[in-house]
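**Q** One structure, as structure tokens, below. Some questions next.
Protein chains: 2
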Amino acid sequence: MYIAIAQINPTVGDLQGNIRKMIDYIRRARDEKADLIVFPEMSVTGYPPRDLLLYPEFIRRTHNIIETELQPEAYGISVILGAPWQEEGKGPLLNSALFLQEGRVVSVHHKVLLPNYDVFDEKRYFMPGNQCFLVDLHGKKVALTICEDIWNDKDYFERNRYSRNPVEELCQQGGELIVNISASPYHLGKLEERVHMLSSLSRKYGAGVIYVNQVGGNDELIFDGSSMAFSPQGEIVNRARPFGEELLYIGDDFVSLSHQTGKVETTEEFEEDMGWVYAALKLGLGDYLAKNGFHKVALGLSGGIDSAVVAAIAVDTVGPENVLGLIMPSPYSSQHSKKDAEHLGKNLGMQTRLISIETPFEAYINLLNENGEPLMDLAEENLQARIRGNILMYISNREGWMVLSPGNKSELAVGYTTLYGDMCGGVAVLADLPKMMVYSLANYINRQACTDIIPQSILHKVPSAELRPNQTDQDSLPPYEILDEILYYYIEKNKLASEITAMGYNADMVHDVIRKVDRAEYKRQQAPPGLRITCRAFGTGHRKPISKKVSGLDIDTKK
Amino acid sequence: MYIAIAQINPTVGDLQGNIRKMIDYIRRARDEKADLIVFPEMSVTGYPPRDLLLYPEFIRRTHNIIETELQPEAYGISVILGAPWQEEGKGPLLNSALFLQEGRVVSVHHKVLLPNYDVFDEKRYFMPGNQCFLVDLHGKKVALTICEDIWNDKDYFERNRYSRNPVEELCQQGGELIVNISASPYHLGKLEERVHMLSSLSRKYGAGVIYVNQVGGNDELIFDGSSMAFSPQGEIVNRARPFGEELLYIGDDFVSLSHQTGKVETTEEFEEDMGWVYAALKLGLGDYLAKNGFHKVALGLSGGIDSAVVAAIAVDTVGPENVLGLIMPSPYSSQHSKKDAEHLGKNLGMQTRLISIETPFEAYINLLNENGEPLMDLAEENLQARIRGNILMYISNREGWMVLSPGNKSELAVGYTTLYGDMCGGVAVLADLPKMMVYSLANYINRQACTDIIPQSILHKVPSAELRPNQTDQDSLPPYEILDEILYYYIEKNKLASEITAMGYNADMVHDVIRKVDRAEYKRQQAPPGLRITCRAFGTGHRKPISKKVSGLDIDTKK
């Protein structure tokens, strides 16, 4: 038996486009004499369709398009695909895998374990499936599961999130081959987790595992694909490339295939480096643009590291001719910042325009300050950032560039960013990268280019917003090395100040940082979507109240 | 037996403040010789605490403060309160009601039905309770339930969301009195729903019902309180005022109490008029300010209806001396708009400042347009709104006013609003009011004042953004009466274009409106929190993808 893994990049809600793509893959796999083609979870609607699932007519159309357009094309090959499912068009909605033979839906298998944490809201939409049963494919008993269904092995995980274990149930029924269709978003370290878990599962049950994951960027979420096949001995016998579509073939005789291709990989190879982050961001940005109908981007070049890294990724994503950098010095910008920005633009081959914000700044000061003299307070600092935002949006509105917001996770966390200023934009490329990771990524970019595409002077300057004379970030923040650690514990590890202080960080510093994070919640809730790279990004996975007071000596905000 | 209903307004996360408030209520109820005092759902943490619940230390502190501070005060009276609960500080989290006697936790009752739709994410945080059992209170068998637990009666609801029915289980065990602790957010029509359902429940089981609801604004959600007691005959025997704290007393002999107070109300009295919307917005705005440490607000006065209504509510909420209206005419503003804005400001007794945006506008045009001439395109329209946003934020940053965003739901829906312009602000007061409801509210305000506080000229002018000469909203939108209906079906009733067209609306118009709504999703995701008034507000209850394509002839966005 010969199995095709269809690692596709669907667009959420685009039933027509997704079905057409699936039919194309079906034809190609049939031409290659595959017996079965497997698509990812919710492949017809794209994942996550979110509240589109609440529209009954959307569900009816999904059923209808499968029946009228896909089924007539699904002959001569078996098909597994993912779709929302409703028995006879009414009753509860289920997240399902359809098994088709000769254009007929032979069986429908429902997701039993519904993730409802972090970015996932599946219990908002779906009822859990009840029954688990095998698929008979050319005499081979296939355990068909959907994403989360395989993530509850009691030998592998210390803590079990769910009481049921569909893989176990199916293997006890005699399952010989585990097929899992997924829409599993990427975060740094996720591939390694998957490889270890799937390898352990295949060894435990002595069954091959075929893991088919969606690829593509959908708003903040980036799906890496990285579909894989494991032999019953837990070896990876084939693997699709990450961050791109692929149609990959596997024999069900995993051992011989692995020997043929020599593709057995050890799990040690799966430590993801900055190359993974880079590729993820490039896909996330590219898809956000393409799926929203944009092909060119504009951003402000401050001469700092964040906008430099965003510009480099953008140039690689849409081409230098489609990237516009605006250099917008204010009265407080240093000469070297302007030069560094120009140098960077030249290195990247992108367009730049120099637009000094002095005249609008003066017009505001004349209008709003008594006797027209600057006071150099927060209002004026923010005003400079907002004038830059205005100019970017003006050029965007007039010429059709999508504006990219450059802020990193550390800045967004402590509110070291201007709402309606540098937070302007359609998408925030580095919003989930702590500042130290931005440096690592910059170094990676230069290493890959074998030249200092990002000038050393940008890499080594003292971080500053340059909104008043001699300002640096560290005037009001701890060094970024330490800040990023405190933020990691507070945001990703759910530790409160007392716990973080107990690890040895200075108590005043911890309290100050956490107070800043809490106070900046209102800004983050007005931020553009940020591409997710860690296991806890601001965005749909981070749901904090704005009006709140977490009391005790520990965190006492908003007095 | 004499029961005290403690309709309190907790602040999310403020364990200290909430416990202190609860102790104060306990003392007052004990002084009045009450046998039992009942607090709302999650009264110790405030509702919804959202991701604060993911911090183990937050849960530990909640338990700790109940034990060390509340329990020692809870003698001489029985207490029912709401809190997150974890057995022995580990294991799954539950949404629970604690029953205390003489300072001791006698029993803990867990919420069985966890809402996970609309604005609710309870399955993100909690495991459902399993067992339902009665409380013995002075020989009376009390069925203690939490919010959603009572909302699944199979005789009352056509469609049952859950398979279990805790009220039925408890009444079958012999429950004589149903106590429900809630944190049920308000939307227009909600009180009527509650009255009918609770009245039907008390009649069905021949049991009195005591319904204790949280009051207060927490970000977008407004809790009305409206705690009530029903006799076993389904009559309302006492009711707390909506939108305010109250400590209300009920005898368990409902009939006699109702005769004493003459308070029996028929369910016909519960049609909520604009007075309810007004009171809800006033509470929502007031609490958003207070809980975030603000006491004064600024907004732009355009001379239009939206900013006029927001100003009127703000003046009533924080007093005229704490409301600043900026009148910011552009080259395209009409003379009558400026006059209307000044007239309104005078009527309301608030401060106003006149700041023409001409000089910054010219500075931008000189800087950005070839030969400095305006083109009167979208870029320049938005620029005017953004200059106004800059000025508001500047004055906010310098002087400490919170900026109010005036946009209504219809505008936000179709994107007839400028991101980073009139969308600037800490909170959007009318964000969930369709335009026609804004008119109704304006008329209500004038009726209540017995004078045209909002000038007739504002009420009757043709809606216009005045960003270019002779512009009106209806140049690119259907009349608001029709627009609001189409939006209602698309946003609140989950109908797609084909279904709305089938109701008799012009197909081109429907397609155009829905296309606009879909395209404006990126704007709404960067909007400030909007106070929720309908059963489907933009915000946490509306989770749509930005990058999407809902295909078919029907809705074909983002080409």
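Protein chains in written order, with this note's numbering: chain A, 1 to 559; chain B, 1001 to 1559. Beta carbons: idealized from backbone N, C-alpha and C, even for Gly.
Are the CB atoms of Gln-384 (chain A) and Ile-357 (chain A) nearer to each other than 8 Å?
**A** The answer is yes: Cβ separation under 8 Å.
**Q** So with Cβ pairs under 8 Å, would you call Pro-1529 (chain B) a contact of chain A?
**A** It does; some Cβ of chain A falls within 8 Å.
**Q** Report the option in A:Gly-217, A:Pro-242, A:Tyr-211 whose CA atom is closest to the CA atom of Gly-225 (chain A).
**A** Nearest of A:Gly-217, A:Pro-242, A:Tyr-211 to Gly-225 (chain A), Cα basis: A:Pro-242.
**Q** Do the CB positions of Glu-1245 (chain B) and Ile-1008 (chain B) come within less than 8 Å of each other?
**A** Taking 8 Å as the Cβ cut-off, Glu-1245 (chain B) and Ile-1008 (chain B) qualify as a contacting pair.
**Q** Identify, in the order they occur along the chain, each residue of the same chain with its Cβ nearer than 6 Å to the Cβ of Ala-1413 (chain B), setting aside the five sequence neighbours on each side.
**A** Cβ within range, chain order: Leu-1487, Val-1517.
**Q** Using alpha carbons as the reference points, say which of B:Met-1197, B:Ser-1498, B:Gln-1214, B:Val-1112 lies closest to Ser-1096 (chain B).
**A** Residue B:Val-1112 is the option with its Cα nearest to Ser-1096 (chain B).
**Q** State the DSSP-derived secondary structure class of Leu-531 (chain A), mapped to helix, strand or coil.
**A** Coil.
**Q** Give me the Cα-Cα distance between Ile-222 (chain A) and Ala-280 (chain A), rounded to the nearest whole angstrom.
**A** Each residue's alpha carbon lies about 7 Å from the other.
**Q** Quick one: is Ser-547 (chain A) buried, meaning 16 or more other Cβ sit within 10 Å of its Cβ, or exposed?
**A** Classification for Ser-547 (chain A): buried.
**Q** In three-state DSSP terms, what is Asn-1064 (chain B)?
**A** It is helical.
**Q** Looking at the structure shown, is Glu-1032 (chain B) part of a helix, part of a strand, or coil, going by DSSP?
**A** Here Glu-1032 (chain B) sits in coil by DSSP.
**Q** For Asp-136 (chain A), collect the residues of the same chain with a Cβ closer than 8 Å to its Cβ; drop the 5 residues on either side in sequence, then sort them by chain order.
**A** Only Val-142 meet the Cβ criterion.
**Q** Exposed or buried, what is Glu-1529 (chain B) when buried is set at 16 or more other beta-carbons lying within 10 Å of its beta-carbon?
**A** According to the sequence provided, residue 1529 (chain B) is Pro. The question's Glu does not apply to it. By the neighbour-count rule (16 or more Cβ atoms within 10 Å), Pro-1529 (chain B) is buried.
**Q** Could you tell me which chain A residues have their CB closer than 9 Å to the CB of Pro-1049 (chain B), listed as they occur along the chain?
**A** Those within 9 Å of Pro-1049 (chain B) in chain A are Pro-545, Lys-548.
**Q** For the alpha helix (DSSP H) containing His-1110 (chain B), list its first residue and its last residue.
**A** First-last for His-1110 (chain B): 1104-1110, but that is the beta strand (DSSP E), not the alpha helix (DSSP H).
**Q** Answer with yes or no whether the minimum CB distance from Pro-1406 (chain B) to chain A is below 8 Å.
**A** With 8 Å as the cut-off, Pro-1406 (chain B) does not count as an interface residue toward chain A.
**Q** Assuming Leu-1036 (chain B) and Ile-1080 (chain B) make a contact with CB atoms under 8 Å, what is their CB distance in whole Å?
**A** Right, their Cβ atoms sit about 7 Å apart.
**Q** Could you tell me how far apart the beta carbons of Phe-1126 (chain B) and Leu-1094 (chain B) are, in whole angstroms, since I believe they sit closer than 8 Å?
**A** Contact flag correct, Cβ pair sits at about 6 Å.
**Q** Within 8 Å of any Cβ in chain A, is that where the Cβ of Lys-1420 (chain B) sits?
**A** The question names Lys, but residue 1420 (chain B) in the sequence shown is Tyr. With 8 Å as the cut-off, Tyr-1420 (chain B) counts as an interface residue toward chain A.
**Q** For Arg-50 (chain A), count neighbouring C-beta atoms within 10 Å of its own C-beta (all shown protein chains included) and say buried if the count is 16 or more, exposed if not.
**A** The residue in question, Arg-50 (chain A), is buried, as its Cβ has 16 or more Cβ neighbours within 10 Å.
**Q** Measure the C-alpha to C-alpha separation of Asn-213 (chain A) and Asn-347 (chain A) and round it to an integer number of angstroms.
**A** Looking at the two C-alpha atoms, the distance is approximately 37 Å.
**Q** Hey, how far is the Cα of Thr-1011 (chain B) from the Cα of Glu-1193 (chain B)?
**A** The alpha-carbon atoms of Thr-1011 (chain B) and Glu-1193 (chain B) are separated by roughly 26 Å.
**Q** Going along chain B in order, which residues have a C-beta closer than 7 Å to the C-beta of Leu-628 (chain A)?
**A** Missing from the structure shown is residue 628 (chain A); chain A here goes from 1 to 559 and no further.
**Q** Are any of the Cβ atoms in chain A nearer than 8 Å to that of Lys-1291 (chain B)?
**A** Yes, because at least one Cβ of chain A sits closer than 8 Å to the Cβ of Lys-1291 (chain B).
**Q** Locate the beta strand (DSSP E) running through Trp-1276 (chain B), then write down its first and last residues.
**A** No beta strand (DSSP E) contains Trp-1276 (chain B), which is instead part of the alpha helix (DSSP H) from 1274-1291.
**Q** Kindly give me the distance between the Cβ atoms of Trp-401 (chain A) and Ala-311 (chain A), rounded to whole angstroms, as I take these residues to be in contact under 8 Å.
**A** Contact doesn't hold; Cβ gap of about 13 Å is too wide.
**Q** Using the DSSP secondary-structure output, state which residues sit across from Gln-351 (chain A) in a beta bridge.
**A** Answer is A:Leu-324.
**Q** Between Pro-185 (chain A) and Asn-238 (chain A), what straight-line distance do the alpha-carbon atoms span, to the nearest angstrom?
**A** Cα to Cα, Pro-185 (chain A) sits roughly 20 Å from Asn-238 (chain A).
**Q** Might you give, ordered along the chain, the residues of its own chain that have their beta carbon closer than 8 Å to the beta carbon of Gly-541 (chain A), omitting 5 neighbours on each side?
**A** Counting only Cβ-Cβ distances below 8 Å, and skipping sequence neighbours, we find Asp-118, Val-119, Arg-532.
**Q** Beta-carbon of Phe-1126 (chain B) versus every beta-carbon of chain A: anything under 8 Å?
**A** With 8 Å as the cut-off, Phe-1126 (chain B) does not count as an interface residue toward chain A.
**Q** Can you give the Cα-Cα distance for Glu-1321 (chain B) and Leu-1285 (chain B), rounded to whole angstroms?
**A** Spanning the two alpha carbons is a distance of roughly 16 Å.
**Q** Applying the 10 Å Cβ sphere with the 16-neighbour rule, what's the burial state of Lys-33 (chain A)?
**A** So Lys-33 (chain A) ends up on the exposed side.
**Q** How big is the Cα-Cα spacing for Asp-617 (chain A) and Asn-506 (chain A)?
**A** Outside the shown range of chain A (1 to 559) lies residue 617 (chain A), about which nothing can therefore be said.
**Q** Using DSSP bridges, identify the partner residues of Thr-145 (chain A).
**A** Paired residues: A:Asn-180.
**Q** Could you please tell me which residues of the stretch 1422-1441 of chain B, in chain order, have their CB closer than 7 Å to any CB of chain A?
**A** Those would be Cys-1424, Gly-1426, in chain order.
**Q** What residue range does the beta strand (DSSP E) around Gly-1251 (chain B) cover?
**A** Gly-1251 (chain B) -> beta strand (DSSP E) spans 1246-1251.
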